[in-house]
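Peer 1: Below are the structure tokens for one structure; questions will follow.
There are 2 protein chains.
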Amino acid sequence: MLAPTDVDASGDRFTATYLVDPALGAVGDVARWMAGEMTVEFPLDLIDPDDGIGTHVVGRVEAVEPVGGRHRVVISVADEVVSGSMTQLLSVVWGNVSLGRGVDLVDLTPPAGWTAPVRHNGPRGLAAFRALADAPTRPLLMSAIKPLGLPVDRLAAMAHELAAGGLDVVKEDQSLADQPWAPFDERIGPIAQAIRDANDRNGTRAVYAPSLNGPVADLPRRAAAARDAGAGAVMVQPGISGYPAIEAAATAGLPVIAHPGGFGGLSDRVAPALVHGLLPRMAGADCSVFIVPGGRFPIEEADALATVDACLRPSGDLPAIMAAAGGGVSVERVPQLRGTYGDDICLLIGGDLHRDGDPRRRASLLREAAER
Amino acid sequence: MLAPTDVDASGDRFTATYLVDPALGAVGDVARWMAGEMTVEFPLDLIDPDDGIGTHVVGRVEAVEPVGGRHRVVISVADEVVSGSMTQLLSVVWGNVSLGRGVDLVDLTPPAGWTAPVRHNGPRGLAAFRALADAPTRPLLMSAIKPLGLPVDRLAAMAHELAAGGLDVVKEDQSLADQPWAPFDERIGPIAQAIRDANDRNGTRAVYAPSLNGPVADLPRRAAAARDAGAGAVMVQPGISGYPAIEAAATAGLPVIAHPGGFGGLSDRVAPALVHGLLPRMAGADCSVFIVPGGRFPIEEADALATVDACLRPSGDLPAIMAAAGGGVSVERVPQLRGTYGDDICLLIGGDLHRDGDPRRRASLLREAAER
Numbered sequence: 001m002l003a004p005t006d007v008d009a010s011g012d013r014f015t016a017t018y019l020v021d022p023a024l025g026a027v028g029d030v031a032r033w034m035a036g037e038m039t040v041e042f043p044l045d046l047i048d049p050d051d052g053i054g055t056h057v058v059g060r061v062e063a064v065e066p067v068g069g070r071h072r073v074v075i076s077v078a079d080e081v082v083s084g085s086m087t088q089l090l091s092v093v094w095g096n097v098s099l100g101r102g103v104d105l106v107d108l109t110p111p112a113g114w115t116a117p118v119r120h121n122g123p124r125g126l127a128a129f130r131a132l133a134d135a136p137t138r139p140l141l142m143s144a145i146k147p148l149g150l151p152v153d154r155l156a157a158m159a160h161e162l163a164a165g166g167l168d169v170v171k172e173d174q175s176l177a178d179q180p181w182a183p184f185d186e187r188i189g190p191i192a193q194a195i196r197d198a199n200d201r202n203g204t205r206a207v208y209a210p211s212l213n214g215p216v217a218d219l220p221r222r223a224a225a226a227r228d229a230g231a232g233a234v235m236v237q238p239g240i241s242g243y244p245a246i247e248a249a250a251t252a253g254l255p256v257i258a259h260p261g262g263f264g265g266l267s268d269r270v271a272p273a274l275v276h277g278l279l280p281r282m283a284g285a286d287c288s289v290f291i292v293p294g295g296r297f298p299i300e301e302a303d304a305l306a307t308v309d310a311c312l313r314p315s316g317d318l319p320a321i322m323a324a325a326g327g328g329v330s331v332e333r334v335p336q337l338r339g340t341y342g343d344d345i346c347l348l349i350g351g352d353l354h355r356d357g358d359p360r361r362r363a364s365l366l367r368e369a370a371e372r
Numbered sequence: 001m002l003a004p005t006d007v008d009a010s011g012d013r014f015t016a017t018y019l020v021d022p023a024l025g026a027v028g029d030v031a032r033w034m035a036g037e038m039t040v041e042f043p044l045d046l047i048d049p050d051d052g053i054g055t056h057v058v059g060r061v062e063a064v065e066p067v068g069g070r071h072r073v074v075i076s077v078a079d080e081v082v083s084g085s086m087t088q089l090l091s092v093v094w095g096n097v098s099l100g101r102g103v104d105l106v107d108l109t110p111p112a113g114w115t116a117p118v119r120h121n122g123p124r125g126l127a128a129f130r131a132l133a134d135a136p137t138r139p140l141l142m143s144a145i146k147p148l149g150l151p152v153d154r155l156a157a158m159a160h161e162l163a164a165g166g167l168d169v170v171k172e173d174q175s176l177a178d179q180p181w182a183p184f185d186e187r188i189g190p191i192a193q194a195i196r197d198a199n200d201r202n203g204t205r206a207v208y209a210p211s212l213n214g215p216v217a218d219l220p221r222r223a224a225a226a227r228d229a230g231a232g233a234v235m236v237q238p239g240i241s242g243y244p245a246i247e248a249a250a251t252a253g254l255p256v257i258a259h260p261g262g263f264g265g266l267s268d269r270v271a272p273a274l275v276h277g278l279l280p281r282m283a284g285a286d287c288s289v290f291i292v293p294g295g296r297f298p299i300e301e302a303d304a305l306a307t308v309d310a311c312l313r314p315s316g317d318l319p320a321i322m323a324a325a326g327g328g329v330s331v332e333r334v335p336q337l338r339g340t341y342g343d344d345i346c347l348l349i350g351g352d353l354h355r356d357g358d359p360r361r362r363a364s365l366l367r368e369a370a371e372r
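As given, the protein sequences belong to chains A and B, one line each in that order. Number 338 in the UniProt record's numbering belongs to position 338 of the first sequence; there are no gaps in the numbering. Number 184 in the UniProt record's numbering belongs to position 184 of the second sequence; there are no gaps in the numbering.
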């Protein structure tokens, strides 16, 4: 037995909810194993349950009940165990537990007083983008400059056209990293200038969002360089660089867009509404791109709706963030998408804007459909 | 059609191999869709295949063949598309493609001349740990100080005992982040000192490896603080902080240990030998902890053996790295584990060392079993 300890804690606790396969064994034992694995990863029979560590540090099984052939298990953990750290929160709720097959994470309540790890000055989340676009109620609009391989002048010209067409956010495709055809430091200035020119000539307010794919230690520098070049937002892929990279990308003070690339394996085991909604929001993202049914990727409509809800629903001090629907959006689908998701949404259109060789015209049609 | 482009590339290409579910449709169409999604994410019918982008940037389907009810699809991509960046490599091979259910990544060849993103001075990988331990041939030995909740003096005392017992690496449990019970900056000095004292008194050479769970932008600072306090290695969880965090943790020049927490969803869709072996190795890890059959987590023996091979097998300029077997290692299992995995392995024992209340004695028994 571990010698007695004198650990104290505030009593504030958060909860994580799992669905557990009955084949893993007696659900009470599995739940206690999970609670230990999440927190102390130490033989529980060596810890006195009435001791400081047993009382305050080991996770507590709050509920076990059958749900549709599986068991719903709710485990609470002292807020001090994560101490406001996104990294540690993820490590607790999806670290070792993830390695046990048949255990899926389906819900999560943020610790008390959880605020995004990085505080911007001014508006954040959906409000930040609405303010930038001067669009208080309509759906916001986003597209990407691409394909990878275009030189800087062609990317800049495309950005100009998309901005002139009235899009709110002109982001870089996530494929744009630091390739020789358009290196990051060489392209951000000309592209930012092209968008500024389009805005000046057309009275538009397009925001430029470069892709920050690169070493995570370089994210603060790249985000600052983007800001100094005139970008209004930045984009990272937390499915590649980890949710904690959102915080690093936010240090320059620009809103952060989270792209869903790389989340395929995770979203098979963790509810899509958490993967694409609550977790990026808790990590400090201001916008999260998710995929909609009817496009290039498979997703259930219920999961898409729950993702939008997880971005918008009031939750402690977390700002509502912009859920950006992508992966299958076209100009023609706008009325249907507005009907399904409401107007507190961003519509992200990629290849469809290039279909007839005049992306500016298609962007204008998109803007009209959003203002209708 | 996209206006003609004048893109050039070296001709050096790397390959990614997938297994694709036939239910997704005609496999040739699916493979071409994947090749586009990985690189340009642009309607392929708008790109002239003989054009610069069509020739050099769009992924190329190299092979399609049936394998056990699925299709094996090999896709090659120009090295310039990733340009030496781990982030971009992952984005290409497992970004948007991951979002298509029924597509699993099973193999990968590193781009030509791929070296770990961060170069240390002196030995790296397995060789670095063998040099630190002065153990040229025997299995290396690792354990963790835990549980979370212990104050600094108790953690330091435990580290002293484990070092005195003859372990090569005394790491912190991944649960140790920056909690109030033992904050990072307050604990690393006393724990390093306790291990130094044990080494001085007993002629041992234990290396201290603190857990760097925290904001990724803070990883270089924490790694440097660990080094300055006397740590000999550091540990991160790429399943939580992303593979690119390994590079950030390596900037202080210490060997990096990758812990497998959070990889559960990923390893359902990406071969475990890539998840726990080749990818951390390519990202710059010097040691990767993987789980072995017969313990607390489910894994196939073939996957465990393939993981060790992916850590050790000669591959370009990549150093062989230390595969650390965990999740179910006991003193009694040492002969069996050596028989299965050979002696180029690290044995990571957690709770089992604390079973009889004298971790130093159990550590000594472990060391004896490794030297036999």
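Glycine included, each C-beta is placed from N, C-alpha and C at the ideal position. This structure is a prediction, so every number in the text was calculated from the model and none was measured.
Out of A:A198, A:D173, A:Q237 and A:G232, which one is the CA nearest neighbour of P215 (chain A)?
Peer 2: With distances taken between Cα atoms, P215 (chain A) lies closest to A:Q237.
Peer 1: So which residues of chain A does I291 (chain B) contact, with C-beta pairs closer than 9 Å?
Peer 2: By Cβ distance, chain A contributes L99.
Peer 1: Taking the CB atoms as reference points, tell me whether G326 (chain A) and F290 (chain A) lie closer together than 9 Å.
Peer 2: Result yes, Cβ atoms of G326 (chain A) and F290 (chain A) sit closer than 9 Å.
Peer 1: Bridge partners for L347 (chain A) per DSSP, in chain order?
Peer 2: A:L141 and A:A325, per the DSSP bridge assignment.
Peer 1: For the candidate residues B:G262, B:G68, B:F42 and B:P190, whose alpha-carbon lies nearest to that of G59 (chain B)?
Peer 2: It is B:F42 whose Cα lies nearest to the Cα of G59 (chain B).
Peer 1: Comparing C-alpha positions only, which one of B:G284, B:D153 and B:G36 sits nearest to residue 374 (chain A)?
Peer 2: Outside the displayed range of chain A (1 to 372) lies residue 374 (chain A), so it cannot be described from this structure.
Peer 1: Looking at the structure shown, is V170 (chain A) part of a helix, part of a strand, or coil, going by DSSP?
Peer 2: Note: V170 (chain A) maps to strand in three-state DSSP.
Peer 1: What number of angstroms, rounded off, separates the C-alpha of A16 (chain A) from the C-alpha of L105 (chain A)?
Peer 2: Each residue's alpha carbon lies about 7 Å from the other.
Peer 1: Does Y18 (chain A) get closer than 9 Å to chain B when you measure Cβ to Cβ?
Peer 2: Answer no: the Cβ-Cβ gap between Y18 (chain A) and chain B never drops below 9 Å.
Peer 1: Does the beta carbon of W94 (chain B) sit closer than 9 Å to a beta carbon anywhere in chain A?
Peer 2: Judged by the 9 Å Cβ criterion, W94 (chain B) is in contact with chain A.
Peer 1: Use the C-beta contact count for E186 (chain A): other C-beta atoms within 10 angstroms, 16 or more gives buried, fewer gives exposed.
Peer 2: So E186 (chain A) counts as exposed.
Peer 1: When we look at the beta-carbon of M1 (chain B) and count the other beta-carbons within 10 Å, is it buried (16 or more) or exposed?
Peer 2: M1 (chain B) is exposed by the Cβ-count criterion.
Peer 1: Three-state secondary structure (DSSP) at S364 (chain B)?
Peer 2: Of the three classes helix, strand and coil, the one that applies to S364 (chain B) here is helix, per DSSP.
Peer 1: Taking all protein chains shown into account, do 16 or more other C-beta atoms lie within 10 angstroms of the C-beta of R201 (chain B), making it buried, or fewer, making it exposed?
Peer 2: R201 (chain B) should be labelled exposed.
Peer 1: Since L19 (chain B) is in the alpha helix (DSSP H), which residue starts that stretch and which ends it?
Peer 2: Counting along the chain, L19 (chain B) falls outside any alpha helix (DSSP H), though it belongs to the beta strand (DSSP E) covering R13 to V20.
Peer 1: Got a sec: is the Cβ-Cβ distance from A217 (chain A) to anything in chain D below 9 Å?
Peer 2: Here chain D cannot be found, since the structure's protein chains are A and B.
Peer 1: Short of 7 Å in beta carbon distance, which residues of its chain neighbour G189 (chain B), apart from the five on each side in sequence? Order them along the chain.
Peer 2: So the qualifying residues of the chain are A229.
Peer 1: Tell whether a beta-carbon distance below 9 Å holds between A112 (chain B) and D12 (chain B).
Peer 2: Yes, the Cβ-Cβ distance between A112 (chain B) and D12 (chain B) is below 9 Å.
Peer 1: Below 7 Å CB to CB, which residues in the same chain sit around A9 (chain B) once its five sequence neighbours on both sides are set aside?
Peer 2: Contacts found: H56, A78 and E80.
Peer 1: How would you list, in chain order, the residues of chain B whose beta-carbon sits under 8 Å from the beta-carbon of R269 (chain A)?
Peer 2: Within 8 Å Cβ-Cβ: G264, G265 and D268.
Peer 1: Quick check on V152 (chain B): does DSSP put it in helix, strand or coil?
Peer 2: In this structure, V152 (chain B) counts as helix in the three-state DSSP scheme.
Peer 1: Who are the Cβ neighbours of R355 (chain B) in its own chain at under 8 Å, not counting the five residues just before and after it?
Peer 2: Counting only Cβ-Cβ distances below 8 Å, and skipping sequence neighbours, we find R362.
Peer 1: Taking the alpha carbon of D340 (chain B) as the point to measure from, which residue in B:D303, B:D286 and B:L365 has its own alpha carbon closest?
Peer 2: Inspection of the sequence shows that residue 340 (chain B) is occupied by Thr rather than by Asp. The option with the nearest alpha carbon to T340 (chain B) is B:D303.
Peer 1: Skipping 5 residues on each side, what residues in its chain have a beta carbon closer than 7 Å to that of A192 (chain A)?
Peer 2: The residues are Y208, A229, G230 and A231.
Peer 1: Just checking my contact of V256 (chain B) with D286 (chain B) at CB under 8 Å: how many whole Å lie between their CB atoms?
Peer 2: That pair is a contact at about 5 Å.
Peer 1: Within the 9 Å Cβ cut-off, does W114 (chain B) reach chain A?
Peer 2: W114 (chain B) does not count as touching chain A.
Peer 1: Which residues, in order along the stretch 162 to 177 of chain A, keep a beta-carbon less than 9 Å from a beta-carbon of chain B?
Peer 2: Within the stretch 162 to 177 of chain A, the residues whose Cβ lies closer than 9 Å to some Cβ of chain B are D173, Q174, S175 and A177, listed in chain order.
Peer 1: Could you tell me the boundaries of the beta strand (DSSP E) in which E332 (chain A) lies?
Peer 2: E332 (chain A) -> no beta strand (DSSP E), and no H or E assigned at all.
Peer 1: I'd like to know whether the C-beta atoms of I195 (chain A) and E172 (chain A) end up nearer to each other than 9 Å.
Peer 2: No; because the gap between Cβ atoms is not below 9 Å, this pair is not in contact.
Peer 1: Tell me the rounded alpha-carbon separation between L176 (chain B) and S211 (chain B).
Peer 2: Taking the straight line from one Cα to the other gives about 6 Å.
Peer 1: Output the distance between the C-alpha atoms of A135 (chain B) and R372 (chain B), rounded to the nearest integer angstrom.
Peer 2: Spanning the two alpha carbons is a distance of roughly 13 Å.
Peer 1: Please confirm whether any heavy atom of the ligand SAH lies closer than 8 Å to the CB of R227 (chain A).
Peer 2: Questions concerning the ligand SAH fall outside what the structure shown contains, since it holds no ligand whatsoever.
Peer 1: Residues of chain B with a CB under 7 Å from the CB of I53 (chain A): which are they?
Peer 2: Correct list: P147 and G149.
Peer 1: Is G28 (chain B) buried or exposed, if buried means 16 or more other CB atoms sit within 10 Å of its CB?
Peer 2: The residue is exposed, with fewer than 16 neighbouring Cβ atoms inside 10 Å.
Peer 1: For H354 (chain A), which residues does DSSP report across the bridge?
Peer 2: BP columns for H354 (chain A) are empty, so no partner.
Peer 1: Checking 9 Å against the spacing of the C-beta atoms, do L274 (chain A) and L126 (chain A) come in under that value?
Peer 2: Against a cut-off of 9 Å, the Cβ pair of L126 (chain A) and L274 (chain A) comes out as no contact.
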